[in-house]
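I have placed the structure first, in the form of structure tokens, so that the comments after it can refer back to it.
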Amino acid sequence: MGDHRTKRPKTYDWSAYKSFFLLIQKIGLKIQAVMSFHQCGGNVGDVVYIPLPKWVLEVGEKDPDIFYTNRAGIRNKEYLLSLGVDNQRLFQGRTPIEIYRDYMASFTENMLDLLQAGAIIDIEVGLGSSGELRYPSYPEALGWKFPGIGEFQCYDEYMKEDFRETADEAVKPKYNRPGDAGTYNDTPDKAGFFKKGDQIIGEANKVFRGFPVKIAAKLKNSSAPSRKSVYVSGIHWWFKDRSHAAELTAGYYNLSDRDGYRPIAKMLSRHYASLNFTCLEMKDNEQAAEAMSAPQELVQQVLSSGWKEFIDVTGENALARYDGTAYDQILLNVRPNGINLHGPPKLKMAGLAYLRLSDDLMKQHNFDIFKKFVHKMHADLVSAN
């Protein structure tokens, strides 16, 4: 849809969205509204460039530490602001948390009739790069290539102070941010931080302390009267490696002996939010062996975390696929226990976003396969009636 923001802070133009939403309501469809706080452009599939608001970039020119920063000091302007400035009044007297609150309050006020009518059924809250709950650890625009481990983005001065305040008293005197965690395109064996074996849990504790609390603060400010959802990123490369390096640099504190996704599901449960995941079409044997990738195990772990916390779980395919193999894998994830002829299945995803409507999809052969997939998706609905 484009950019609804004006050049001044705390002013918004929702008119184009409102007109479009009314058309959608008129033909009987429902709306999932995505609250985006990231730059559009610089990632896979991006064909449009929409930068951060000018008034944010102007503050960043004077104080570049408001942006996520890697160990080399390179600033990443892909996401609105570093977590370290959440409560800093640097933006015309407002904190970032207040900026998010005002943004969502304006949306709610302008769309209240559609929200109350049930036309807008879901608000997806953007919590990081590409709208995903993660740090911008693998930016293509800065040279990252698959399957690089990415880099920690915790080297701005505000994050440094944050870590100092939240670190345990015992580690404060000697604590420093990781200095040997490699660069964007390294493998885990090239970075000392990820070769520490059992010590990695203690090291990671220092990096991730306080992260869930700050994310929850953003989610709390979405007060619209509809379901909220959060997009969890599918970092499937290096999942089979003991270090889970790519997940760690992205902010997912997941190891072979520590479930990094269950705490996220618990947090979402407390805020009555659903979990949206990706990679539903991927299979392990389709991935490059050198990436030590395991999308099937990752999907199973993340979906199970959501179901164990009794929250709605939704998802989508990561890449454009039009073949029966991909569709069958999606179906397996949507209903892992299959169809129940006597009622709803024991486990079932609450929604699926299919990527994407394109000229390739509309080719007769591809569309015929897609229609069969849609019919299978609705099989349990038919049997339940």
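Heads up: the sequence shown begins at 1 in full-length UniProt numbering, then just goes up one per residue. Every residue, glycine too, gets a C-beta built ideally from N, C-alpha and C. This one's a predicted model, so the numbers in the text were calculated from it and none came from an experiment.
GLU151 is the residue among MET111, GLU151, VAL34 whose C-alpha sits nearest the C-alpha of ASN76.
TYR135 counts as buried, since at least 16 other C-beta atoms from the protein chains shown sit within 10 angstroms of its C-beta. Going by DSSP, SER229 is part of the beta strand (DSSP E) stretching over 227 to 231.
About 5 Å separates the Cβ atoms of ILE120 and LEU114, confirming a contact at the 8 Å cut-off. Three or more pairs of CB atoms, one per stretch, sit closer than 8 Å, so the region 284 to 299 contacts the region 227 to 241. Under DSSP, ASP122 takes part in a beta bridge, and its partners are GLN32, ARG227. The Cβ neighbour count for ARG335, taken over all protein chains shown within 10 Å, is at least 16; the residue is labelled buried. Every unbroken stretch of the beta strand (DSSP E) spanning 3 or more residues and falling wholly within the region 302 to 381 is given here in chain order: 313 to 316, 351 to 353. Look at PHE163 here: in three-state DSSP terms it is helix. Around the beta carbon of LYS145, fewer than 16 other beta carbons sit within 10 angstroms, so the residue counts as exposed. In this structure, DSSP gives PHE152 a state outside helix and strand, which the three-state scheme calls coil. Closest in C-alpha terms to ALA353, from the list THR314, LYS283, LEU29, comes THR314.
Its Cα nearest to that of THR278, the residue LEU355 stands out among ALA288, LEU355, ASN70. Residue environment: ALA117 is assigned as exposed (fewer than 16 neighbouring CB atoms within 10 Å of its CB, all protein chains considered).
Distance from the Cα of LYS308 is smallest, within the candidate group LYS160, LEU319, TYR261, TRP14, for TYR261. Where PHE91 is concerned, there is no enclosing alpha helix (DSSP H), because DSSP gives it neither an H nor an E. Residue environment for ARG321: buried (at least 16 other C-beta atoms within 10 angstroms of its C-beta). Distance from the CA of LYS54 to the CA of TRP14, rounded to the nearest whole angstrom, comes to 18 Å. Between ASP156 and PHE67 the beta-carbon gap is near 7 Å, inside 8 Å, which marks them as a contact.
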